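Next up, the structure:
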C-alpha cells in the first residue's frame with residue numbers, strides 16, 4: 001500500500017461483511033488522526049507516520065474479517081501502526097538503539113500497546129488529546145501558506161487521500177501531492193515545533209485553525225468553480241474536524257460557534273439545489289427539507305453561551321456569523337426573517353473584520369432590512385472600494401435590488417455582468433434564469 005490513506009478495504013479483492021466494513025469506516029473516521037498524531041510524536045517523521053497508519057488500516061481490512069473486529073479497534077490500529085512504523089525505520093537504517101528507545105518510551109506511556117480495557121481509554125485521553133492538538137496546530141501553523149494548511153489538515157488530520165483532496169479543489173492530483181509534500185518539508189526544515197501553543201499564544205493560533213476549517217467549509221458550501229453548486233463531502237469534513245476541535249478544546253467559544261454556524265448552514269443543503277442541481281435561493285427554499293436535527297444541534301451550541309463573553313468582551317466573528325444563521329433557522333417562513341437583527345450583527349461583524357465579503361453581505365442585509373435603495377447605496381460604497389472587482393456576487397446583489405425596485409434595465413445590465421463572472425455552472429444558470437424573468441412576455 002502506498003500510504004495515501006484511502007478508505008480501507010476499498011480496493012480489496014472480495015467484498016467485506018457489512019459489519020466489518022462499517023467498523024473500518026468508523027475507525028478510519030474516528031481513529032486516523034489519533035494514530036497519525038501518536039506516530040508523529042514517536043517517530044518525528046510525518047511520511048512514516050502516514051504510511052504506517054494507512055498500512056495498519058489495510059492490515060485491519062485483511063485481519064478483521066477473519067479474526068473479528070477487536071474490542072478496542074483504536075488500540076489495535078495504534079499497536080499495528082506503531083510496529084509497522086518501527087519496521088519502516090529499521091529498513092531505513094535508523095539505529096537499532098534509537099528504535100528501542102522509542103519502543104521503550106511508548107511501553108512506559110502505555111498508549112502504543114493500547115488499553116486492555118475500555119475503561120483505560122479514559123486515563124489516556126489526556127495523551128491522545130495532546131497528540132491530536134499537536135497535529136491540528138502544526139498543520140495550521142501560520143508559517144505555512146494557507147492553501148498548504150488546508151491541504152495538510154485534510155490529508156493528515158482528516159485522513160483524506162491526495163486524490164480526494166485534489167478532486168475537491170479541482171486541481172491535478174500531482175499538484176496537490178506536491179503541495180502536501182512541500183508543507184511537510186517546510187515543517188521539517190523550518191523547525192516548526194510539533195506542540196500545542198503556549199497559553200499566551202493559544203487564542204491567536206486557534207484563530208488560525210478555525211480559519212482553515214472555515215475555508216474548507218466555504219468551499220463545501222459554495223464551490224469556487226466547476227459544475228457543482230455544493231461539495232457536500234468537504235462540508236461534512238469541515239463539520240467533522242470542527243467537532244474534533246470542540247471536543248479537544250471544549251471551553252473555546254469561537255470553535256463551538258463555528259461548529260454551530262456550519263451545522264446551521266449544512267442543515268439547508270438538501271433544499272439549496274433543485275433536482276437539476278441548480279441553485280435555490282434562501283427565500284425560495286422548502287424549509288421542510290432542512291435537517292431539523294442539525295438545526296437543533298446548532299441552536300443548542302449557541303445557547304451554551306450567548307451575548308458578551310466573560311470579562312465583557314463582545315461576541316467574536318464566528319459567534320456573530322452563527323447568530324446570523326440562527327436568525328434564518330428560527331424563521332418559519334422567509335417573510336418571518338428578522339432582517340434588522342441580521343443587519344445589526346453584520347454591523348458588529350464589520351467592526352471586527354475589515355473584509356470586503358462582510359461589507360457585501362452587510363449591504364445586502366441592509367437592503368433587506370431598510371429597503372432596496374438603501375442597500376444599493378451601501379453596495380455602491382463596496383464597489384467604489386475596488387476590493388471586489390471581478391467578484392460575481394457583487395453585480396448579482398445589485399441586480400437583485402434593482403429587480404426589487406422594478407428597475408429592469410439596470411437589473412438586466414448587472415445580471416449580464418454577474419453571468420460573465422460566475423465561476424460555477426449552477427450559479428450561472430440561476431442568474432440566466434433571473435435575467436430571463438425580467439424580459440416582458442411575448443407580444444408586449
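Numbering (the UniProt record's numbering), first residue to last: 1 to 444.
Ideal Cβ placement from N, Cα and C applies to all residues, glycine included.
Note that the coordinates shown come from a computational prediction; the quantities given were computed from them, not determined experimentally.
Straight-line gap, residue i to residue j (C-alpha atoms, nearest Å)
i: residue 388; j: residue 172; result: 28 Å
i: residue 114; j: residue 78; result: With a pLDDT of only 39 at residue 114, under the threshold of 50, the placement of this residue in the model should not be trusted, and no figure is reported.
i: residue 226; j: residue 148; result: 21 Å
i: residue 245; j: residue 239; result: 10 Å
i: residue 143; j: residue 220; result: 25 Å
i: residue 283; j: residue 168; result: 28 Å
i: residue 291; j: residue 273; result: 14 Å
i: residue 135; j: residue 267; result: 29 Å
i: residue 93; j: residue 195; result: 27 Å
i: residue 176; j: residue 383; result: 34 Å
i: residue 421; j: residue 253; result: 37 Å
i: residue 187; j: residue 355; result: 30 Å
i: residue 42; j: residue 80; result: 14 Å
i: residue 236; j: residue 230; result: 11 Å
i: residue 35; j: residue 241; result: 15 Å
i: residue 232; j: residue 317; result: 24 Å
i: residue 179; j: residue 217; result: 20 Å
i: residue 228; j: residue 16; result: 32 Å
i: residue 31; j: residue 435; result: 50 Å
i: residue 200; j: residue 349; result: 25 Å
i: residue 119; j: residue 23; result: Caution applies to residue 119, whose pLDDT of 27 falls short of 50 and renders its modelled position unreliable; the value that the coordinates give is listed next. The straight-line gap from Cα to Cα measures roughly 20 Å.
i: residue 410; j: residue 392; result: 16 Å
i: residue 455; j: residue 58; result: Residue numbering for the chain in the displayed model covers 1 to 444; residue 455 lies beyond these limits and cannot be assessed.
i: residue 247; j: residue 259; result: 11 Å
i: residue 407; j: residue 223; result: 30 Å
i: residue 161; j: residue 153; result: 11 Å
i: residue 157; j: residue 18; result: 26 Å
i: residue 433; j: residue 331; result: 27 Å
i: residue 278; j: residue 427; result: 7 Å
i: residue 390; j: residue 376; result: 18 Å
i: residue 264; j: residue 66; result: 42 Å
i: residue 33; j: residue 54; result: 11 Å
i: residue 146; j: residue 281; result: 30 Å
i: residue 184; j: residue 166; result: 17 Å
i: residue 437; j: residue 129; result: 55 Å
i: residue 91; j: residue 85; result: 10 Å
i: residue 445; j: residue 243; result: Nothing about residue 445 can be reported from this structure: the residues present for the chain run from 1 to 444 only.
i: residue 256; j: residue 369; result: 28 Å
i: residue 155; j: residue 74; result: 19 Å
Exposure label - residue i; buried when at least 16 CB within 10 Å
i: residue 189; result: exposed
i: residue 131; result: buried
i: residue 345; result: buried
i: residue 138; result: buried
i: residue 62; result: exposed
i: residue 399; result: buried
i: residue 351; result: exposed
i: residue 213; result: buried
i: residue 304; result: exposed
i: residue 68; result: exposed
i: residue 430; result: buried
i: residue 289; result: exposed
i: residue 333; result: exposed
i: residue 298; result: buried
i: residue 123; result: Confidence is the limiting factor: at residue 123 the pLDDT is only 32, short of 50, which leaves the residue's position unreliable and the question unanswerable from this model.
i: residue 250; result: exposed
i: residue 286; result: exposed
Cross-strand partners of residue i (DSSP beta bridge)
i: residue 424; result: 226
i: residue 273; result: 279
Residue range of the alpha helix (DSSP H) that includes residue i
i: residue 250; result: Looking at the DSSP string, residue 250 is not in any alpha helix (DSSP H), and its letter there is neither H nor E.
i: residue 165; result: 162-168
i: residue 69; result: Neither: residue 69 is in no alpha helix (DSSP H) and is coded neither H nor E.
i: residue 347; result: 339-352
i: residue 180; result: 173-189
i: residue 407; result: Premise fails: residue 407 is in no alpha helix (DSSP H) and is neither H nor E.
i: residue 457; result: What the structure shows of the chain is the stretch from 1 to 444, and residue 457 is not part of that stretch, so it cannot be assessed.
i: residue 34; result: 18-43
i: residue 142; result: Where residue 142 is concerned, there is no enclosing alpha helix (DSSP H), given that its DSSP letter is neither H nor E.
i: residue 147; result: 146-152
i: residue 209; result: 202-221
- Task: Counting only runs of 4+ residues fully inside the stretch 290-334, write out the alpha helix (DSSP H) ranges in chain order.
- Result: As far as the stretch 290-334 is concerned, its whole alpha helix (DSSP H) runs of at least 4 residues are 292-303 and 317-330.
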